[in-house]
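Asker: Shown below is the structure under consideration.
2 protein chains.
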Amino acid sequence: MYKHILFATELNETKSYIEDKVTQLQQLTQAKLSVIHVVEPIPNAYYSGVYGVIPGLDSADSIGTTRVLEERAKEVLQSLVKRLNITEQDLHIPIGHTSGEILAFAEQENVDLIITGSHGLQGLQLLLGSTSNAILHGAKCDVLAVRFKD
Amino acid sequence: MYKHILFATELNETKSYIEDKVTQLQQLTQAKLSVIHVVEPIPNAYYSGVYGVIPGLDSADSIGTTRVLEERAKEVLQSLVKRLNITEQDLHIPIGHTSGEILAFAEQENVDLIITGSHGLQGLQLLLGSTSNAILHGAKCDVLAVRFKD
Chain A
0 MYKHILFATE LNETKSYIED KVTQLQQLTQ AKLSVIHVVE PIPNAYYSGV YGVIPGLDSA
60 DSIGTTRVLE ERAKEVLQSL VKRLNITEQD LHIPIGHTSG EILAFAEQEN VDLIITGSHG
120 LQGLQLLLGS TSNAILHGAK CDVLAVRFKD
Chain B
0 MYKHILFATE LNETKSYIED KVTQLQQLTQ AKLSVIHVVE PIPNAYYSGV YGVIPGLDSA
60 DSIGTTRVLE ERAKEVLQSL VKRLNITEQD LHIPIGHTSG EILAFAEQEN VDLIITGSHG
120 LQGLQLLLGS TSNAILHGAK CDVLAVRFKD
């Protein structure tokens, strides 16, 4: 029924309860499986001292830090690639806005099911669920929200 | 993987694109399948003339009209019961608030997957998606939002 499943994951979401669902659905449907994790760039404003958060850093550090986050994501997700039995080519780590990148990938690659945690992706949005809302309403395909187990 | 699937349907959502997904997932997982359609009672205010919408009707008509809606839902959903190959006992038509009734049923009956349209249930909420949001965030189980095909 599904031909291309996209698992949208957080770094800390590589937990058995969600991986199990992804694996089982992939096996039941024999779909191609892709994994996406979006690295959101840290706004320059944090570095240029506008918010006074990290004074003394400049925008070059922003780019550098984003690259560090990207490298770290690659590293952390290596074990997920192995557990899900996919190739590195099926792991995608774009830099950008989370829901936008997920929706763009899904459309380009003819994804017919996006699997995500039900309480949103990325830090604070975990509480707000705004990313899962954006995916739910923006997706041109089905969306499975896997309930976070406390 | 899923043991009890709940298909939350609108009356006009008995279309092949969503039924096909429900049937296929039920067959793949061999889960028990229940269907729920919630009839929202028409507020008394409409009848008592507060909004001047239907002057001359009173609250007894509200109860009567809700019963008519309930009967009509039963009638319309008979064909769905047959197509999904379930028994009448697996069709539930509670009266109340849509997402609240769906979430309550899911919890009571140990539903582990709710399947719904991705653009909400019940009339105007179709545009707002507020019901699918409420289900997504309130559910203690997984939620599959099936994308509406234009």
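In order, the protein sequence lines correspond to chains A and B.
Note that numbering that gives the first Met the number 0 numbers the first sequence so that position 117 is 116, with each residue one more than the last.
Note that numbering that gives the first Met the number 0 numbers the second sequence so that position 115 is 114, with each residue one more than the last.
C-beta atoms are modelled at their ideal positions from N, C-alpha and C, and glycine is treated no differently.
1. What number of angstroms, rounded off, separates the C-alpha of V37 of chain B from the C-alpha of S117 of chain B?
2. By DSSP's criteria, V142 of chain A is part of a beta bridge. Which residues make up the other side?
3. Excluding the five sequence neighbours on either side, which residues of its own chain have a C-beta within less than 6 Å of the C-beta of G137 of chain A, listed in chain order?
4. If you check the beta carbons only, do L112 of chain B and Y1 of chain B fall under 9 Å apart?
5. Since S117 of chain B meets chain A, which of its residues come closer than 8 Å, beta carbon to beta carbon?
6. Strictly by DSSP, which residues pair up with S131 of chain A?
7. Could you tell me which residues DSSP pairs with L5 of chain B in its beta bridges?
8. Is there a Cβ of chain A sitting closer than 9 Å to that of Q23 of chain B, yes or no?
9. Do you know whose CA, among A:A144, A:N109, A:C140, lies nearest S129 of chain A's CA?
10. Is A7 of chain B closer than 9 Å to I134 of chain B when the C-beta atoms are compared?
11. Can you tell which of A:K139, A:H96, A:E39, A:V110 has the C-alpha that lies nearest to the C-alpha of H3 of chain A?
12. Have a look at the DSSP bridge pairing and note the partners of V38 of chain B.
13. From B:E87, B:E100, B:K139, pick the residue whose C-alpha is nearest to that of P40 of chain B; which is it?
14. Find the nearest neighbour of E74 of chain B within the set B:S33, B:L5, B:K139, B:L10, judged by alpha-carbon distance.
15. Rank B:Q25, B:H96, B:T86 by C-alpha distance to the C-alpha of T65 of chain B and give the top, closest one.
16. Which residue marks the beginning of the alpha helix (DSSP H) containing L24 of chain B, and which one marks its end?
17. So S98 of chain A contacts chain B; which residues on that side make the cut at Cβ distance below 9 Å?
18. With a 10 Å radius around its C-beta and 16 neighbouring C-beta atoms as the bar for buried, classify V21 of chain A as buried or exposed.
19. So I85 of chain A and E69 of chain A are in contact, right, with Cβ under 8 Å, and what is the actual spacing, rounded?
20. Comparing the C-beta of L27 of chain B with each C-beta of chain A, is any distance below 9 Å?
21. If D89 of chain A sits next to L24 of chain A, beta carbons under 8 Å apart, how far is it from one beta carbon to the other, in whole angstroms?
22. Do you know whose CA, among B:F147, B:D19, B:R146, lies nearest R82 of chain B's CA?
23. Is DSSP giving E108 of chain A helix, strand or coil here?
24. Could you name the residues of the same chain whose beta carbon sits closer than 7 Å to that of D72 of chain B, not counting the 5 residues immediately before and after it, in chain order?
25. I need the straight-line Cα distance from E106 of chain A to I17 of chain A, nearest angstrom please.
26. Applying a beta-carbon distance threshold of less than 9 Å, which residues of chain B neighbour K2 of chain A?
27. Skipping 5 residues on each side, what residues in its chain have a beta carbon closer than 6 Å to that of D141 of chain A?
Answerer: Straight from the coordinates:
1. Here the question's residue 37 of chain B lines up with position 38 in the second sequence. Here the question's residue 117 of chain B lines up with position 118 in the second sequence. So the alpha carbons of these two residues sit roughly 17 Å apart.
2. Numbered from its first residue, the first sequence carries residue 142 of chain A at position 143. For V142 of chain A, which the question treats as bridged, DSSP gives the partners A:I113, B:A144.
3. Position 138 of the first sequence, counting from 1, holds the residue named residue 137 of chain A. Around G137 of chain A: L102.
4. On the second sequence, position 113 is the one that residue 112 of chain B refers to. On the second sequence, position 2 is the one that residue 1 of chain B refers to. The answer is yes: Cβ separation under 9 Å.
5. Stepping through the second sequence from its first residue, residue 117 of chain B is reached at position 118. Those are L135, H136, A138, D141, V142, listed as they occur along chain A.
6. Taking the first residue of the first sequence as position 1, residue 131 of chain A is located at position 132. Per DSSP, none; premise fails for S131 of chain A.
7. Position 6 of the second sequence, counting from 1, holds the residue named residue 5 of chain B. Paired residues: B:S33, B:I113.
8. Stepping through the second sequence from its first residue, residue 23 of chain B is reached at position 24. Closer than 9 Å to the CB of Q23 of chain B there is at least one CB belonging to chain A.
9. Sequence index remark: in the first sequence, residue 129 of chain A carries index 130 (1-based). The candidate whose alpha carbon is nearest that of S129 of chain A is A:A144.
10. As a working mapping, residue 134 of chain B is identified with position 135 in the second sequence. As a working mapping, residue 7 of chain B is identified with position 8 in the second sequence. Contact: yes.
11. Taking the first sequence and counting its residues from 1, the one referred to as residue 3 of chain A is at position 4. Closest by alpha carbon: A:V110.
12. Here the question's residue 38 of chain B lines up with position 39 in the second sequence. Answer is B:I94.
13. What you label residue 40 of chain B is simply residue 41 of the second sequence in a count that begins at 1. Among B:E87, B:E100, B:K139, the Cα nearest to that of P40 of chain B belongs to B:E100.
14. Looking up residue 74 of chain B in the second sequence gives position 75. Per the Cα distances, B:L10.
15. Mapped onto the second sequence, residue 65 of chain B falls at position 66. Minimum Cα distance to T65 of chain B is reached at B:H96.
16. On the second sequence, residue 24 of chain B is found 25 positions in, with the first residue counted as 1. Residue range 15-28 is occupied by the alpha helix (DSSP H) that includes L24 of chain B.
17. Taking the first residue of the first sequence as 1, we reach residue 98 of chain A at position 99. Against S98 of chain A, chain B offers no close residue; the least beta-carbon distance is about 14 Å (beta-carbon pairs closer than 9 Å).
18. Position 22 of the first sequence, counting from 1, holds the residue named residue 21 of chain A. When all chains shown are included, V21 of chain A counts as buried.
19. Numbered from its first residue, the first sequence carries residue 85 of chain A at position 86. Numbered from its first residue, the first sequence carries residue 69 of chain A at position 70. Rounded, the Cβ-Cβ distance is 19 Å, inconsistent with contact.
20. Taking the first residue of the second sequence as 1, we reach residue 27 of chain B at position 28. Yes, contact with chain A.
21. If you number the first sequence from 1, residue 89 of chain A lands on position 90. If you number the first sequence from 1, residue 24 of chain A lands on position 25. In this structure D89 of chain A does not touch L24 of chain A by the C-beta definition: roughly 15 Å separates them, more than the 8 Å allowed.
22. In the second sequence, counting from the first residue as 1, residue 82 of chain B sits at position 83. It is B:D19.
23. As a working mapping, residue 108 of chain A is identified with position 109 in the first sequence. In this structure, E108 of chain A counts as coil in the three-state DSSP scheme.
24. Numbered from 1 along the second sequence, position 73 holds the residue referred to as residue 72 of chain B. Reading off the sequence, residue 72 of chain B comes out as Ala, not Asp. Hits under 7 Å: L10, H36, V38, I92.
25. Counted from its first residue, the first sequence places residue 106 of chain A at position 107. Counted from its first residue, the first sequence places residue 17 of chain A at position 18. Spanning the two alpha carbons is a distance of roughly 23 Å.
26. Translated into positions along the first sequence, residue 2 of chain A becomes position 3. Within 9 Å Cβ-Cβ: nothing; K2 of chain A doesn't reach chain B, min ~12 Å.
27. Taking the first residue of the first sequence as 1, we reach residue 141 of chain A at position 142. Taken in chain order, the residues that qualify are L112.
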